[in-house]
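Student: One structure coming up, written as structure tokens, with questions to follow.
Number of protein chains: 2
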Amino acid sequence: MLERIPAYTDAMLDEAGTLSDRVYRHLADRLIAGRFAPGDKLSLRAVSEALGLSIMPVREAVSRLAAEGALEVAPKKAVTVPLMRAAQFRDITQVRVEIEGFAAALACKANSPESLARIEAREREFRELSEQPQADLAQAVAANQAFHFAVYRAAGSAELLAIIERLWLRVGPIINLDLRENPERLRLGGAVQAHRACLSAIRENRPDAAREAIAADISGASAFILSRQRLLD
Amino acid sequence: MLERIPAYTDAMLDEAGTLSDRVYRHLADRLIAGRFAPGDKLSLRAVSEALGLSIMPVREAVSRLAAEGALEVAPKKAVTVPLMRAAQFRDITQVRVEIEGFAAALACKANSPESLARIEAREREFRELSEQPQADLAQAVAANQAFHFAVYRAAGSAELLAIIERLWLRVGPIINLDLRENPERLRLGGAVQAHRACLSAIRENRPDAAREAIAADISGASAFILSRQRLLD
DNA sequence: GGAAGCTAACTGTGATCACAGATTGCGGCA
DNA sequence: TGCCGCAATCTGTGATCACAGTTAGCTTCC
């Protein structure tokens, strides 16, 4: 059965594409949003029953997510959300700094009024959320994600966006687990500050500054998580 | 049936992991090596029969490759090797320049005697192959790939390597199709020159130069392919 | 009371069958 | 001779069944 994620039945599927596609999106969204924690187990049969399907579409969806490293499937054993070693997390952080930083710099150059407006809106939403004394963590995670992807989308590169999505698929469970256990980090405002710096860099067309801001945001969160020693090794 | 790739039966599978895994590696290797051309169709049943399996493992393998964009599968239609638009190719090239360039720079910093020796060996093999008047194209493609991945492997980042592999999965069919139609490009020596520059940059610990060399190699090949107008749009 | 061992339930993997939509090629008509 | 249309075949999708290895819980014995 599903561990730590009992409320699975409330989940409905979108209505686009094949059943496999829908299950894939369903699981991927939950992974990025941090609805799963590292080490969580799920079973093909349990998921398929909860969703009212046969296990076939679930199999394909899980298989794809496993190919992307978002899930781990060992033969004859339950599917698990991967645990991550500190070294691996450092590695992925370094890659994220480079790639997401690049996307931010591109977003600067491609700067259009519409995408700038979208980024501003997301920045404001996240800032207002973190200023609340009792912020809803799930909302905050979603708002943070929305801001980042507004920036990355503004870069105008579908390839880059797909790569970044896959990276978030991997780090989603970890970042969320961290924030859930350390809600005070939200109030420290490191993220808010980085977002603001990124926004003004994009406004003023300074690609290097935008890259730096995103890099600082990612590195800051990563350093905090690593300092908490919740990862293997 | 398989178009343009009649000799499918000669292919054997490796012996590791589940059947799905083996089929995946089998198809992925052939995609990277350029054994498929854009637009090629393949059928789950044809592949499974050629490999002597049921269609289940093939389904899963194809499903994973489709998730990575290496294959396209439209419901009720044959699986195809994706055609690529010029704009998309430009996009992917820009991403490759950034990411593979970054990997080359990392390889510089991580510089170990063993990996340097491996890179040198691959550089020599590719150079000698291109100097031959009647070079075997398939061999040359493989040698080029071997050189690049020797560099990327030296970067010491598993995450980066996985991302780059996925990128090559996408561009493999196109690069190979190009080289097959323009074998003279090999003799022009742009690649040989870039490889040599990259190698000495790594030897002399100059990350920016290594990045530049890889970027020049990728951009050069990309510009040539785009100039040939074989892509859509 | 506690630990070891066995059994029953659960795991993913693979094969086979059924189905609906797409494709293709052949036959007939103009 | 050339084109249109129908039918047989091929496509991926999904469900169900069988199987072998894993896991976990219960019983039994010390």
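Note that the protein sequences, when read in sequence, are chains A and B.
Counting in my numbering, the first sequence tops out at residue 233, every number present.
Counting in my numbering, the second sequence tops out at residue 466, every number present.
Don't be surprised by glycine CBs; every beta carbon is placed ideally from N, CA and C.
Thinking just about the alpha-carbon of each residue, which of A:I214, A:A221, A:A223 is nearest to the one in V97 (chain A)?
Tutor: In the first sequence, counting from the first residue as 1, residue 97 (chain A) sits at position 97. The shortest Cα separation from V97 (chain A) among A:I214, A:A221, A:A223 belongs to A:I214.
Student: Would you give the residue range spanned by the alpha helix (DSSP H) that M56 (chain A) belongs to?
Tutor: Position 56 of the first sequence, counted from the first residue, corresponds to residue 56 (chain A). Note, M56 (chain A): alpha helix (DSSP H), 55–67.
Student: Exposed or buried, which one is G234 (chain A) when buried takes at least 16 other CB atoms within 10 Å?
Tutor: Beyond the ends of chain A as shown, which are 1 and 233, falls residue 234 (chain A); an answer cannot be given.
Student: With a threshold of 7 Å on Cβ separation, who are the neighbours of S287 (chain B) within its own chain once the five nearest residues in sequence on each side are excluded?
Tutor: One-based indexing of the second sequence puts residue 287 (chain B) at position 54. For S287 (chain B), where only same-chain residues beyond five positions count, the Cβ hits under 7 Å are S281.
Student: Can you pull the chain B neighbours of P75 (chain A), defined as C-beta to C-beta under 9 Å?
Tutor: If you number the first sequence from 1, residue 75 (chain A) lands on position 75. Residues of chain B passing the Cβ test: G250, T251.
Student: Please classify K109 (chain A): does DSSP put it in a helix, a strand, or coil?
Tutor: Within the first sequence, numbered from 1, the residue matching residue 109 (chain A) stands at position 109. Here K109 (chain A) sits in helix by DSSP.
Student: Does the pairing of the segment 339–347 of chain B with the segment 384–401 of chain B give three or more beta-carbon distances under 8 Å?
Tutor: Yes, since at least three Cβ pairs between the segment 339–347 of chain B and the segment 384–401 of chain B fall closer than 8 Å, the two stretches touch.
Student: Take Y241 (chain B) and list the residues in its own chain whose beta-carbon comes closer than 8 Å to its own, dropping the five residues that flank it on each side.
Tutor: For the purposes of this step, residue 241 (chain B) is taken as the residue at position 8 of the second sequence. Here the model assigns Y241 (chain B) a pLDDT of 36, short of 50, so the residue's position is not dependable and the matter cannot be decided.
Student: Could you tell me which of A:L44, A:L65, A:A66, A:E159 sits nearest to Q56 (chain A), measuring between CA atoms?
Tutor: As a first step, residue 56 (chain A) must be located in the first sequence, where it is residue number 56. The amino acid occupying residue 56 (chain A) in the given sequence is Met; Gln does not appear at that position. Closest by alpha carbon: A:L44.
Student: Do F380 (chain B) and H428 (chain B) have their C-beta atoms within less than 8 Å of each other?
Tutor: Working through the second sequence from its first residue, we reach residue 380 (chain B) at position 147. Working through the second sequence from its first residue, we reach residue 428 (chain B) at position 195. Yes, these two residues count as a Cβ contact at 8 Å.
Student: Using 8 Å as the limit for Cβ to Cβ distance, is A300 (chain B) near chain A?
Tutor: Locating residue 300 (chain B) in the second sequence gives position 67, counting from the first residue. Interface residue, yes.
Student: Is there a Cβ of chain A sitting closer than 8 Å to that of L421 (chain B), yes or no?
Tutor: The residue labelled residue 421 (chain B) in the question sits at position 188 within the second sequence. Judged by the 8 Å Cβ criterion, L421 (chain B) is not in contact with chain A.
Student: List the residues of chain A that G382 (chain B) touches, going by C-beta distances under 7 Å, in chain order.
Tutor: As a first step, residue 382 (chain B) is located in the second sequence; it is residue number 149 there, counting from the start. The identity of residue 382 (chain B) in the sequence shown is Phe, whereas the question assumes Gly. Simply none; closest approach about 17 Å.
Student: Taking C-beta to C-beta, are L237 (chain A) and F89 (chain A) nearer than 8 Å?
Tutor: Lying before the first or after the last residue shown, residue 237 (chain A) is absent from chain A, which here runs from 1 to 233.
Student: Does Q145 (chain A) pass the burial test, meaning 16 or more other C-beta atoms within 10 Å, or should it be called exposed?
Tutor: For the purposes of this step, residue 145 (chain A) is taken as the residue at position 145 of the first sequence. Burial call: buried.
Student: Would L129 (chain A) and P183 (chain A) be called neighbours here (beta carbons separated by less than 8 Å)?
Tutor: By one-based count along the first sequence, residue 129 (chain A) stands at place 129. By one-based count along the first sequence, residue 183 (chain A) stands at place 183. Contact: no.
Student: Checking contacts by CB at 8 Å: is I202 (chain A) closer than that to chain B?
Tutor: Position 202 of the first sequence, counting from 1, holds the residue named residue 202 (chain A). Answer no: the Cβ-Cβ gap between I202 (chain A) and chain B never drops below 8 Å.
Student: May I ask you to report which of helix, strand or coil DSSP gives R318 (chain B)?
Tutor: Sequence index remark: in the second sequence, residue 318 (chain B) carries index 85 (1-based). R318 (chain B): strand per DSSP, three-state reduction.
Student: In the segment 383–413 of chain B, which residues sit with their C-beta less than 9 Å from some C-beta in chain A, listed in chain order?
Tutor: Listed by position along the chain: G389, S390, A391, E392, L393, A395, I396, R399, L400, R403.
Student: Under 8 Å between C-beta atoms, does R64 (chain A) make it to chain B?
Tutor: If you number the first sequence from 1, residue 64 (chain A) lands on position 64. Chain B, which has a Cβ nearer than 8 Å to the Cβ of R64 (chain A), makes this yes.
Student: Across the segment 173–181 of chain A and the segment 114–121 of chain A, are there enough close Cβ pairs to call them in contact, namely three or more that are closer than 8 Å?
Tutor: Short answer: they don't touch.
Student: Taking D40 (chain A) as the query, report the chain B residues whose CB atoms sit under 9 Å from its CB, ordered along the chain.
Tutor: Sequence index remark: in the first sequence, residue 40 (chain A) carries index 40 (1-based). What D40 (chain A) touches in chain B: nothing, since even the nearest Cβ is about 21 Å away.
Student: Using a Cβ-Cβ cut-off of 6 Å (strictly less than) and excluding sequence neighbours within five positions of P82 (chain A), which residues of its own chain qualify?
Tutor: To locate residue 82 (chain A), count along the first sequence from 1; it is residue 82. Contacts found: E72.
Student: Suppose contacts are defined by Cβ-Cβ distances below 8 Å. Is A201 (chain A) in contact with A191 (chain A) by that definition?
Tutor: Translated into the one-based positions of the first sequence, residue 201 (chain A) becomes position 201. Translated into the one-based positions of the first sequence, residue 191 (chain A) becomes position 191. No, the Cβ-Cβ distance between A201 (chain A) and A191 (chain A) is not below 8 Å.
Student: Just to make sure I have the definition right: I need the residues of chain B whose C-beta is within less than 7 Å of the C-beta of I99 (chain A). Which are they?
Tutor: Sequence index remark: in the first sequence, residue 99 (chain A) carries index 99 (1-based). The contacting residues are I332.
Student: Tell me the start and end of each unbroken alpha helix (DSSP H) in the segment 366–441 of chain B that is at least 4 residues and wholly inside, in chain order.
Tutor: If we require 4 residues or more, the alpha helix (DSSP H) runs fully inside the segment 366–441 of chain B come out as 370–387, 391–414, 417–421, 423–436.
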